[in-house]
Amino acid sequence: MEIRRNILLFKLYYLFSAVWPLAALAIVFFQKITGSYAFALGVFSIVNIVQSIAEVPTGVISDKIGRKKTMALSSVLTALAYIIFALAGTFAYKYLLILGAVIWAIADAFASGTDDALMYETMEELRKADKYDIIYARSKTFDQIGMGMGALIAAIVTYFYSLNVLAWVSVAFSIIPIFVCLRFVEPKKHTVEDCASVKHFMSAIKAFVQNKKLRILATIQMLNRGISFSGHQFEAAYFNMLIPTWAVNIARLVKQTCGTISFAIAPYFRKFGFYRILIASSVGMTIIKGTAVILNNFATPFIQSCVNLLWGTSSTAESALLQQELSSKQRATMGSIVSLLGGILSAVIYWLVGFVADVSSVYFAIIMLICSNLFISAGYYWMLKKYK
Numbered sequence: 003m004e005i006r007r008n009i010l011l012f013k014l015y016y017l018f019s020a021v022w023p024l025a026a027l028a029i030v031f032f033q034k035i036t037g038s039y040a041f042a043l044g045v046f047s048i049v050n051i052v053q054s055i056a057e058v059p060t061g062v063i064s065d066k067i068g069r070k071k072t073m074a075l076s077s078v079l080t081a082l083a084y085i086i087f088a089l090a091g092t093f094a095y096k097y098l099l100i101l102g103a104v105i106w107a108i109a110d111a112f113a114s115g116t117d118d119a120l121m122y123e124t125m126e127e128l129r130k131a132d133k134y135d136i137i138y139a140r141s142k143t144f145d146q147i148g149m150g151m152g153a154l155i156a157a158i159v160t161y162f163y164s165l166n167v168l169a170w171v172s173v174a175f176s177i178i179p180i181f182v183c184l185r186f187v188e189p190k191k192h193t194v195e196d197c198a199s200v201k202h203f204m205s206a207i208k209a210f211v212q213n214k215k216l217r218i219l220a221t222i223q224m225l226n227r228g229i230s231f232s233g234h235q236f237e238a239a240y241f242n243m244l245i246p247t248w249a250v251n252i253a254r255l256v257k258q259t260c261g262t263i264s265f266a267i268a269p270y271f272r273k274f275g276f277y278r279i280l281i282a283s284s285v286g287m288t289i290i291k292g293t294a295v296i297l298n299n300f301a302t303p304f305i306q307s308c309v310n311l312l313w314g315t316s317s318t319a320e321s322a323l324l325q326q327e328l329s330s331k332q333r334a335t336m337g338s339i340v341s342l343l344g345g346i347l348s349a350v351i352y353w354l355v356g357f358v359a360d361v362s363s364v365y366f367a368i369i370m371l372i373c374s375n376l377f378i379s380a381g382y383y384w385m386l387k388k389y390k
């Protein structure tokens, strides 16, 4: 079947879309342009807020025009955003970062939920929907490899050149995913209700509200991702206080290598049950991060990077549970509703982390994020007891 090639294309897509060499040092790059960490964190907040607003309409568009076109459009917009970021660094004009953030957010909104929906519908057409989590984990392995490649490239470039050069190198790699997306095969089983977009959206909202299990699971997931993504972006500022700038990328390379291993072994843990995997992963990540921050020395970035040994198993279990609860006719729209609420929550967490860092310290802000993970563990434990 022609659609079988999507399985390979998922791996290539995640590989090359993850190669953003500027990723680990984005907050440092933005701070260099703006002269303010508050403004730098504000760029990420803008991304979350705009993405939240764009989530629902882009999800409806995905359900209407198809997954392939939506993914290709997302890749084009991502490349444009990276070009604008590079121009902001070249001309030292901080307001270009805002424009880039808006475009980047819209690009992410188009991809959010659509990639998972395309993957799930591909597996449905192949009559292997029960193997979704396995394909997801294997595909996401390449996502970690791509981020590791980006970190290695960044380490080399920043050792010899500047962050501005690194930004333009990032632009070059952003072109590749566009061609990958154009090769995807649209699933035949992708169908949507023949209704107006507003009605389609309201129908998805109603289905979301009526599904108590989905609401609770999505709430825990949104809080988890808000905390995790904030920590992932903010840790570079913390690491840069302990080790040289180029070495931050080496720490990120270690992190993505651990992530690659985690996604590769994730399918072997599915027999333990997704909720048990989530609880064990959440507790384990909190212990690793806590140990690293207590040491607070040159070894901290590398110890904390080992947290990704548990990220792949956690992310795979989380996605599989969520996809099982989503309506097949509105999968991308309902996924976008979850991302909408999650994006708003992430923007609040970004602001809170920046505020705490300004009035206290970067170190205290990191500790606050780590302690917040305890709520995630408690939430998944409650879900295990109620829905096992």
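Here the working numbering is used: the first residue of the sequence shown is 3, the next is one more, and so on.
Where is the CB? At the ideal position from N, CA and C, for every residue including glycine.
- It is roughly 17 Å from the alpha-carbon of lysine 208 to the alpha-carbon of aspartate 65.
- For serine 172, the enclosing alpha helix (DSSP H) begins and ends at 165-176.
- Using a Cβ distance threshold of 8 Å, serine 54 and alanine 238 do not count as a contacting pair.
- The C-alpha of lysine 190 is placed about 42 Å away from the C-alpha of threonine 288.
- Boundaries of the alpha helix (DSSP H) around tyrosine 39: 39-67.
- Contact between the segment 106-126 and the segment 67-77 is present: three or more C-beta pairs spanning the two stretches fall below 8 Å.
- Setting aside the 5 residues that flank it on each side, valine 309 is surrounded in the same chain by Met287, Ile290, Lys291, each with a C-beta closer than 7 Å to its C-beta; the list follows chain order.
- Within the same chain, and ignoring the five residues on either side of tryptophan 22 in sequence, the residues whose Cβ sits closer than 6 Å to its Cβ are Gly152, Ser172.
- Cβ atoms of serine 307 and cysteine 373 stay farther apart than 8 Å, at about 20 Å.
- In the structure shown, proline 189 falls within a coil segment according to DSSP collapsed to helix, strand and coil.
- Going by beta carbons, leucine 17 and isoleucine 147 fall inside the 8 Å limit.
- In the structure shown, the three-state DSSP call for valine 361 is helix.
- When only Cα atoms are considered, lysine 388 and alanine 268 end up about 24 Å apart.
- Taking valine 250 as the centre and dropping the five residues before and after it, the same chain places the C-beta of Ala26, Ala238, Phe241, Asn242 closer than 6 Å to its C-beta, in chain order.
- C-alpha of serine 38 to C-alpha of glutamine 235: approximately 15 Å in a straight line.
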